[in-house]
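*Asks:* Handing you a structure now.
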Amino acid sequence: MTKTFLRRAALAAMLATTSLVPALAHAETAEKGGSIVVSFKDDIATLDPAIGYDWQNWSMINAMFSRLVDYTPGTTELKPSLAESYDVSPDGKTYTFKLRSGVKFTNGREVTAADVKYSIERAVNPKTQGPGAGFFHSIVGADAMTAGTAQGLDGIVAVDDHTVKFTLVQPDATFLNVLALNFASVVPKEAVEAASGDFGKHPIGSGAFTLKEWTVGQRLVFERNPDYFVKDRPHIDGYTVELGQEPLVALLRLQKGEVDIAGDGIPPAKYLEMKKSKDFEGMIVDRQQLETSYVTLNTQVKPLDNVKVRQALNMAINKDRIVRIINGRAEPAFQVLPPLMPGYDKSYKGYAYDMKKAKALLEEAGLKDGFSTTLYTSNTDPQPRIAQAIQQDLAAIGVKVEIKALANPNIIAAGGTKGEAPMVWSGGLGWIADFPDPSDFYGPILGCGSAVAGGWNWSWYCNKDIEPRAQAADAMQLPAKATERNEAWSKIFTEIQEKDAPWIPVFNERRVVAKAKRMGGADQVYIDPTRVINYEAIFVKK
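Per mature numbering (1 follows the signal peptide of the UniProt record, and there is no 0): the sequence shown = residues -27 to -1, 1 to 515.
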């Protein structure tokens, strides 16, 4: 694979049968100009690419920063971005990238190979307390830096200003996908240091948009980067994110033409009405996605450190009832991987809903009379109602659950603090694939490297026996070993759930977005498989 771009035949064949990678050809012609309004209920936690990791800020960060490689909009096909070309050694362990000349940060300085090295080292550095370090485990020196015993990554070398070389400890079939993640976004060191720990509020990148204004709790204003290196992008002049908008209010404003994208989606109470109404024709985008919503069970907190307790909780949840709460916009889930993901085990049925067995397991764990715990949940509808359904189910086996409904940034902070959140209902923050590979449902949310402060392994689960098996699966090259690789991952996830049960998988949800009729762009750029909303590709129809 020399000076080429990753094309995974087996994966592409799978995705071609779904709605995740439709053809981009359509009758609309992208037009230039215009500004749009996007609404969200909660404030944005950060715009720092090394830290931001929720579906609200992911798209905004993606549009402000650039990476060595990126995706063709609406697809999972990688293409060059900051890199104009790259070479991969025959053993798959050395990647050498040539950077484009003349690409500038919005502070006016040219992007160099040294910036690439600094940015990824910053993402891996435990002092950053970002959730992305585990993605870079294949780079030589990453484990030492994560452990705090090294100050840099020996596996990244800035050969000259426009050449950067990566050396891996083993081949990694997903390494290019990792370099397309927001965590690999390139940032200027001087801007990070000048921000004195607040780079997330004062971001400087080389992407399609720049941040013009951020009034905390009210709005963010983004404008086109006039020096963006991608020709004819972005299409819109800018966009404003209005905060504090209840989803139902946002939909009313959408009807009036005051909002162009209702960022929080369509509440279940309004969904059927909108689907049946001709007034909303052309305004609803409803697509499948690689997503699992789940309850995390903190394996470090008593009595959840007992696997029998975690298994009992899995058996106590009526998932069919929860799916009805959201008007059937999901399928019940019984394993970590979503059905569209390679490695999904169709034969594995997980834990059946069985109150009698759940009570028996609690009794075996010495908790015949149950126990008390706390469940954290997003405060945006329908998440509190789903949390209440979970609360009622667990009460039936003697488990008393206090619900804490908070804004998304507070949920993320609680989940990423060891011992603070015994249980987290991930609804509204459910895991959507960063890239369509089963490894993405392990490393960042179940791997040992993500069981750190600021990480997204909110179960604080770490199985030292699984780690080498996961690394071995990562090293199997695609497409040659696609079947073997998928089988390896399938066994890993089935074993994790069957033996350790760190999660209660609840459902695999479709993503639903409401957009104004004037908004152009194929539907997949509103539910992009790698960006959620692709601000760079959407446009306003004249």
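In this text, a Cβ means the ideal position worked out from N, Cα and C, and glycines have one as well.
None of the values given here were measured: they were computed from a predicted structure.
Considering Lys488, what are the terminal residues of the beta strand (DSSP E) in which it resides?
*Replies:* 484 to 488 is the extent of the beta strand (DSSP E) around Lys488.
*Asks:* Between which residues of its own chain and Asp496 is the CB-CB distance below 6 Å, once the five residues before and five after are set aside?
*Replies:* The answer, listed in chain order, is Val258.
*Asks:* Would Val97 and Val159 qualify as a contact pair, given that the criterion is a beta-carbon distance under 7 Å?
*Replies:* Cβ atoms of Val97 and Val159: not closer than 7 Å.
*Asks:* Based on DSSP bridge pairs, tell me the residues matched to Thr58.
*Replies:* Looking at the sequence itself, residue 58 is Ser, so the reference to Thr does not match. Partner(s): Lys71.
*Asks:* Rounding to the nearest angstrom, what Cα-Cα distance links residue 518 and Leu152 in this structure?
*Replies:* This structure cannot settle anything about residue 518, because the visible part of the chain is limited to -27 through 515.
*Asks:* Using a Cβ-Cβ cutoff of less than 8 Å, which residues in the same chain neighbour Lys71 once the five nearest sequence positions on both sides are dropped?
*Replies:* So the qualifying residues of the chain are Ala56, Glu57, Ser58, Tyr59, His135, Thr136.
*Asks:* DSSP three-state label for Asp473, please.
*Replies:* Note: Asp473 maps to helix in three-state DSSP.
*Asks:* Give the DSSP-derived three-state secondary structure of Thr347 in the structure shown.
*Replies:* DSSP places Thr347 in strand when its eight states are reduced to three.
*Asks:* How about Met37 and Gly180: do their beta carbons lie closer than 7 Å?
*Replies:* Yes, the pair counts as a contact, with Cβ atoms nearer than the cut-off.
*Asks:* If distances are taken between C-alpha atoms only, which option among Val485, Ala18, Gly25 comes closest to Gln262?
*Replies:* Among Val485, Ala18, Gly25, the Cα nearest to that of Gln262 is on Val485.
*Asks:* My output table needs one value for Met(-27): the three-state DSSP class, helix, strand or coil.
*Replies:* With a pLDDT of 30 at Met(-27), under the threshold of 50, the modelled position of this residue cannot be trusted, and the question is left open.
*Asks:* At which residues does the alpha helix (DSSP H) containing Ala241 begin and terminate?
*Replies:* Per the sequence shown, the amino acid found at residue 241 is Pro instead of Ala. Where Pro241 is concerned, the enclosing alpha helix (DSSP H) stretches over 241 to 249.
*Asks:* Between which two residues does the beta strand (DSSP E) carrying Pro53 extend?
*Replies:* Here the beta strand (DSSP E) through Pro53 covers 51 to 53.
*Asks:* Distance, Cα to Cα, Ala510 vs Tyr44?
*Replies:* When rounded, the distance between both Cα atoms is 12 Å.
*Asks:* Considering only DSSP beta bridges, list what Glu304 is partnered with.
*Replies:* Per DSSP, Asn481.
*Asks:* In this structure, how does DSSP classify Ile257 when only helix, strand and coil are distinguished?
*Replies:* Ile257: strand per DSSP, three-state reduction.
*Asks:* To which residues does DSSP link Phe139 through a beta bridge?
*Replies:* BP columns for Phe139 point to Tyr68, Ile129.
*Asks:* Return the Cβ separation of Val309 and Thr265 in integer angstroms, given the expectation that the two are a contact with Cβ distance under 8 Å.
*Replies:* With a Cβ gap of about 6 Å, Val309 and Thr265 count as contacting.
*Asks:* Just to check my reading of the structure: Ile442 and Ala461 have Cβ atoms closer than 8 Å, yes? What is that Cβ distance to the nearest angstrom?
*Replies:* According to the sequence provided, residue 442 is Arg. The question's Ile does not apply to it. That belief holds up - the Cβ atoms of Arg442 and Ala461 are roughly 7 Å apart, short of 8 Å.
*Asks:* Which same chain residues, not among the five before or five after Thr188, have their C-beta less than 7 Å away from its C-beta?
*Replies:* There are no such residues.
*Asks:* Any idea what DSSP makes of Ala(-1), helix, strand or coil?
*Replies:* At Ala(-1), the pLDDT of 49 sits below 50, so the modelled position is not reliable and the matter cannot be decided from this model.
*Asks:* Is Glu196 helix, strand or coil by DSSP?
*Replies:* Glu196: strand per DSSP, three-state reduction.
*Asks:* For Ala387, which residues of its own chain have a beta-carbon under 6 Å away from its beta-carbon, when the five flanking residues on both sides are left out?
*Replies:* Tyr349, Glu393, Ala394, listed in sequence order.
*Asks:* For Met288, which beta-bridge partners are listed by DSSP?
*Replies:* According to DSSP, Met288 bridges with nothing at all.
*Asks:* So, is Glu94 buried or exposed, given that buried needs 16 or more other C-beta atoms within 10 angstroms?
*Replies:* Result: buried.
*Asks:* Is the Cβ-Cβ distance between Val194 and Thr213 less than 7 Å?
*Replies:* Cβ distance < 7 Å, so Val194 and Thr213 count as in contact.
*Asks:* Just the C-alpha distance for Arg192 and Gln29, rounded to the nearest angstrom, thanks.
*Replies:* Their Cα atoms are separated by approximately 13 Å.
*Asks:* How would you label Asn80, buried or exposed, when you count the other beta carbons within 10 angstroms and need 16 or more for buried?
*Replies:* Per the 10 Å Cβ criterion, exposed.
*Asks:* By Cβ distance below 8 Å, which residues in the same chain neighbour Met256 in space, the five residues on each side in sequence not counted?
*Replies:* Here the set comprises Leu227, Met247, Ala487, Lys488, Ala489, Lys490.
*Asks:* Report the rounded CA-to-CA distance for Gly416 versus Phe108, giving the unit in angstroms.
*Replies:* Those two C-alpha atoms are separated by around 7 Å.
*Asks:* Of the residues Glu254, Pro311, Tyr201, Leu216, which one's Cα is nearest the Cα of Gly190?
*Replies:* Of the candidates Glu254, Pro311, Tyr201, Leu216, the one whose C-alpha sits nearest the C-alpha of Gly190 is Leu216.
*Asks:* Take the Cβ of Ala331 as the centre, count every other Cβ of all protein chains shown within 10 Å, and call the residue buried at 16 or more, exposed below.
*Replies:* Burial call: buried.
*Asks:* Could you check where the alpha helix (DSSP H) with Ala424 kicks off and where it finishes?
*Replies:* Taken as a continuous stretch (DSSP letters only), Ala424 belongs to no alpha helix (DSSP H), as it is neither H nor E.
*Asks:* Give me the residue from Val282, Pro99, Lys5 with the minimum Cα distance to Ala120.
*Replies:* It is Pro99 whose Cα lies nearest to the Cα of Ala120.
*Asks:* From which residue to which residue does the beta strand (DSSP E) around Ile9 run?
*Replies:* Run containing Ile9: 8 to 12, per the beta strand (DSSP E) assignment.
*Asks:* For Asn150, I'd like the list of residues in its chain whose CB is within less than 6 Å of its CB, leaving aside the five on either flank, ordered along the chain.
*Replies:* The answer, listed in chain order, is Phe408.
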